[in-house]
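Student: Quick one: this structure, given as structure tokens, is what I'll be asking you about.
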Amino acid sequence: MTEILDEAALGSLLAMVGDDPEFVDELVDSFLEDSPQQFAALHVAASTGDAGGLVRPAHTLKGSSASLGARGVESIGRAIEERGRAGTVDGVAELLAELDVAYEELLTTLADARQRRWVAP
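Residue numbers (the working numbering): 29 to 149.
Quick look at the structure:
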């Protein structure tokens, strides 16, 4: 099972922004504001059988998740993107269900990390 949040990656991000937790807050908030749009686009593409329509939102979600160290969401985003690039929506409904669970777990984990001001426990 892929970890929810890579604390080392999050620590690297914090260091990269000059140990400015407010800036990390902004980055995370931007991710949280953008993610629902990506999820909506993925659900529409999957429900209409539009494999090509999976690629951009999955790629965006994968990249933004990776930058935060959100390994679970990143991994599922990668799998969905690969399916889209292969021209299939086979198995994407199951991946979207996994993504929903992983995202909810990530929300809790990010809230905990925010309270610690992004410093690993």
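Every residue, glycine too, gets a C-beta built ideally from N, C-alpha and C.
Keep in mind the model is a prediction, meaning the values are calculated, not measured.
(1) Which runs of the alpha helix (DSSP H) at least 4 residues long sit entirely within the region 38 to 94? Give them in chain order.
(2) Between the beta-carbon of I104 and the beta-carbon of E126, is there less than 8 angstroms?
(3) Just curious, the alpha helix (DSSP H) that I108 is in, first and last residue?
(4) Among the residues of its own chain, which have a CB less than 6 angstroms from the CB of E102, if the five just before and after it don't count?
(5) Once you ignore the five residues that flank P85 on each side, which residues in its own chain have a CB closer than 7 angstroms to its CB?
(6) Using 8 angstroms as the limit for Cβ to Cβ distance, is V56 near chain B?
(7) Pop quiz: A79 and T116 are said to be a contact at Cβ under 8 angstroms. What is the actual Cβ separation, rounded to whole angstroms?
(8) R142 by DSSP, collapsed to three states: which one?
(9) Tell me the DSSP secondary structure of D118 in three-state form.
(10) Is DSSP giving V129 helix, strand or coil here?
(11) Around the C-beta of A139, are 16 or more other C-beta atoms found within 10 angstroms, so that it is buried, or is it exposed?
(12) Give the DSSP-derived three-state secondary structure of T137 in the structure shown.
Tutor: According to the structure data:
(1) 49 to 76
(2) yes
(3) 99 to 113
(4) K90, S93, A94
(5) Q66, A69, L70
(6) The structure shown contains no chain B, having only a single protein chain.
(7) 5 angstroms
(8) helix
(9) coil
(10) helix
(11) exposed
(12) helix
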